[in-house]
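A.B. asks:
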Amino acid sequence: MVTVESVLEALKQVQDPEIHRDIVSLGMVKNLEVVDGKVSFTVELTTPACPLKERIEDDCKKALSGVSGVSGLAISFGAQVRGSKVGAGPTDLLPTVKNVVLVASGKGGVGKSTVAANLAVALKLHGAATGLLDADIYGPSVPILMGVKEEPKKVPVNGGFKLGPPIAHNIPVMSIGFFLEPDQAVIWRGPMLGKALHQLMGDVHWGELDYLVVDMPPGTGDVQITFSQQLKVSGAVLVATPQEVALADVIRAKSMFDKVMIPIVGIIENMSYFICDGCNKQHEIFSRGGARRAAERFNIPFLGEIPIYGPLREWGDKGVPIVVQEPQSEISGIFMEIAAKLAGQLSVASEKARGASPLKIVSS
Amino acid sequence: MVRITWNDGHVGDYPRKYLRGYCPCALCQGHEATTVRYIEVAGAEIEEIGAVGNYAIQFRWDDGHNTGIYTFEHLRSLCPCPECEK
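So the sequences go chain by chain: S and P. For what it's worth, our numbering labels the leading residue of the first sequence as 23, then goes sequentially. For what it's worth, our numbering labels the leading residue of the second sequence as 4, then goes sequentially.
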């Protein structure tokens with residue numbers, strides 16, 4: 023006779039393909055019921071953007087085909103993003119955010135903001151609660167890219183006030199640009215910058231978020247240090263262009279994140295190639311594969327190649343991410359796939375962070 | 004005494020005065036940082052310990068000093084146990 027125990031025993035053969043542990047010990051099997059040989063359960067994925075759902079489903083079916091007496095099988099899927107913050111104390115500036123992910127680059131001009139905006143919206147389209155924070159003090163472009171017209175509003179929270187971020191394309195968006203006069207350069211030194219960023223992190227009413235995507239300024243400076251010290255960051259994604267010289271920027275960014283123990287969860291190559299609308303030939307304008315080679319060299323997951331595509335920039339300038347404007351296009355497919363891989367890698371990083379006995383401060 | 008249990012099982016007991024003495028901040032160590040300085044203080048009580056991101060902890064001492072960010076790496080290198088002293 024089929025029992026709950028025998029089903030669980032069989033499901034222990036099914037591994038989460040990314041975390042490399044079985045789904046039973048990871049606590050992903052929920053609502054398991056066995057009635058007259060009919061088995062039903064929910065697999066609670068670690069992200070709604072799970073890139074390997076079909077594979078997990080197949081593996082479950084395979085595992086249960088070996089259990090005699092199973093007359094019916096119904097597998098449903100749910101998702102619960104877990105987050106890496108176990109050791110976060112009362113000083114946590116973002117208690118309602120499960121994962122903070124920094125989109126960074128060693129240098130400017132690689133299309134980081136466009137990638138950040140599209141990834142944030144793609145994660146939302148996959149079903150995850152996502153927010154977008156623009157911390158690029160040198161060129162806050164997220165309000166333009168997301169077409170945000172309104173200002174943040176004061177909202178009452180727990181007896182005090184917080185800033186309610188404007189919603190654009192269904193996600194809350196906050197930008198340091200909201201606090202600057204248009205066309206004015208930020209001429210702040212470290213301490214002032216730290217204060218402004220602190221407000222941008224702690225004084226914003228984000229609500230419950232699975233992912234907060236942060237568009238970082240380029241390079242390795244004050245803003246990066248502030249984020250690494252004041253937040254428990256789940257991971258950083260590096261955006262690079264294909265040419266060999268980009269490698270040097272990746273190395274610099276990596277060495278900074280290593281120092282502050284923020285795991286790099288992926289590298290994305292932007293401007294990888296251009297498909298000519300006249301001859302359909304792929305032109306590799308800035309060469310190709312440099313970022314992939316950098317990823318291989320440092321053993322960092324390579325998340326994908328984004329081509330040069332006119333409408334991506336045109337619609338960005340009009341405030342519409344391409345994944346919203348042309349959801350069926352090839353490039354949107356690429357963004358959705360990169361977002362799913364990123365979510366998968368964040369689950370892996372979270373599981374690692376939770377497993378590595380996080381910092382606990384006790385007094386006696 | 005501050006006891007640190009590392010995830011490799013190693014345990015280190017740090018006298019508070021010793022931790023305060025090796026405060027890594029620029030006020031204590033200077034900006035050249037060619038040699039490591041030891042700052043002698045009369046007494047050192049800890050008022051608060053906080054986490055700094057993913058990589059360090061910070062103490063607030065009873066004299067108000069709180070600018071030292073002690074990275075895990077630095078703390079491990081400071082471990083005063085006989086085994087690490089060798």
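Just so you know, even glycine gets a beta-carbon here, dropped at the ideal spot from N, CA and C.
Residues of chain P with CB closer than 8 Å to the CB of methionine 283 (chain S), please, in chain order.
C.D. replies: Gly56, Asn57, Tyr58 and Phe75, listed in chain order.
A.B. asks: Within 10 Å of its beta-carbon, does methionine 238 (chain S) have 16 or more other beta-carbons around it, so buried, or fewer, so exposed?
C.D. replies: When all chains shown are included, methionine 238 (chain S) counts as buried.
A.B. asks: Within this structure, are the beta carbons of arginine 23 (chain P) and histidine 68 (chain P) separated by less than 9 Å?
C.D. replies: Yes, the pair counts as a contact, with Cβ atoms nearer than the cut-off.
A.B. asks: How about isoleucine 289 (chain S) and alanine 262 (chain S): do their beta carbons lie closer than 9 Å?
C.D. replies: A contact, by the Cβ cut-off of 9 Å.
A.B. asks: Taking proline 178 (chain S) as part of the alpha helix (DSSP H), name the residues at either end of that continuous run.
C.D. replies: Premise fails: proline 178 (chain S) lies in the beta strand (DSSP E), 175-179, not in any alpha helix (DSSP H).
A.B. asks: Kindly indicate if chain S contains any beta-carbon less than 9 Å away from that of glycine 53 (chain P).
C.D. replies: Closer than 9 Å: yes.
A.B. asks: Just tell me which of S:Lys303, S:Met196, S:Ala126 and S:Val26 has its CA closest to the CA of isoleucine 273 (chain S).
C.D. replies: The shortest Cα separation from isoleucine 273 (chain S) among S:Lys303, S:Met196, S:Ala126 and S:Val26 belongs to S:Ala126.
A.B. asks: Ends of the alpha helix (DSSP H) at tryptophan 337 (chain S)?
C.D. replies: Element bounds for tryptophan 337 (chain S): 332-339.
A.B. asks: Just how far apart, CA to CA, sit serine 163 (chain S) and valine 119 (chain S)?
C.D. replies: Near 23 Å, if we compare the C-alpha coordinates of valine 119 (chain S) and serine 163 (chain S).
A.B. asks: Leaving aside the five residues before and after leucine 48 (chain S) along the sequence, list all residues of the same chain whose C-beta is less than 7 Å from its C-beta, in chain order.
C.D. replies: Closer than 7 Å at Cβ, skipping near neighbours: Asp38 and Ile41.
A.B. asks: Mind reading off the beta-carbon distance from valine 287 (chain S) to alanine 157 (chain S)? Whole number of angstroms is fine, and I expect it under 8 Å.
C.D. replies: That belief does not hold up - the Cβ atoms of valine 287 (chain S) and alanine 157 (chain S) are roughly 18 Å apart, past 8 Å.
A.B. asks: So is glutamine 367 (chain S) buried or exposed if we call it buried at 16+ other beta carbons inside 10 Å?
C.D. replies: Burial call: buried.
A.B. asks: Using a Cβ-Cβ cut-off of 8 Å (strictly less than) and excluding sequence neighbours within five positions of glutamate 457 (chain S), which residues of its own chain qualify?
C.D. replies: There is no way to answer for residue 457 (chain S), as the model of chain S reaches only from 23 to 386.
A.B. asks: Note the first and the last residue of the continuous alpha helix (DSSP H) segment covering phenylalanine 62 (chain P).
C.D. replies: Unbroken run through phenylalanine 62 (chain P) is the beta strand (DSSP E), 59-64; no alpha helix (DSSP H).
A.B. asks: Does DSSP classify alanine 258 (chain S) as helix, strand or coil?
C.D. replies: Three-state result, alanine 258 (chain S): strand.
A.B. asks: Within 10 Å of its beta-carbon, does isoleucine 193 (chain S) have 16 or more other beta-carbons around it, so buried, or fewer, so exposed?
C.D. replies: The residue in question, isoleucine 193 (chain S), is buried, as its Cβ has 16 or more Cβ neighbours within 10 Å.
A.B. asks: For a contact defined as C-beta to C-beta under 9 Å, what are the partners of glutamine 252 (chain S) on chain P?
C.D. replies: What glutamine 252 (chain S) touches in chain P: Val55 and Gly56.
A.B. asks: Please report the straight-line C-alpha distance between methionine 4 (chain P) and glycine 131 (chain S), rounded to a whole angstrom.
C.D. replies: Distance between the alpha carbons of methionine 4 (chain P) and glycine 131 (chain S) is about 50 Å.
A.B. asks: Distance check for lysine 89 (chain P) and alanine 59 (chain P), CA to CA, integer angstroms please.
C.D. replies: Approximately 25 Å between the Cα atoms of the pair.
A.B. asks: How should threonine 25 (chain S) be labelled, buried or exposed, when 16 other C-beta atoms within 10 angstroms of its C-beta is the threshold for buried?
C.D. replies: So threonine 25 (chain S) ends up on the exposed side.
A.B. asks: Got a sec, what are the start and stop residues for the alpha helix (DSSP H) leucine 219 (chain S) sits in?
C.D. replies: Segment 212-224, the alpha helix (DSSP H) holding leucine 219 (chain S).
A.B. asks: So who's on the other strand from tyrosine 17 (chain P), going by DSSP bridges?
C.D. replies: In the DSSP output, where bridge partners are listed per residue, tyrosine 17 (chain P) has P:Val5.
A.B. asks: With 16 as the cutoff for other CB atoms within 10 Å, does tryptophan 64 (chain P) come out buried or exposed?
C.D. replies: Counting Cβ neighbours within 10 Å, tryptophan 64 (chain P) comes out buried, since at least 16 surround it.
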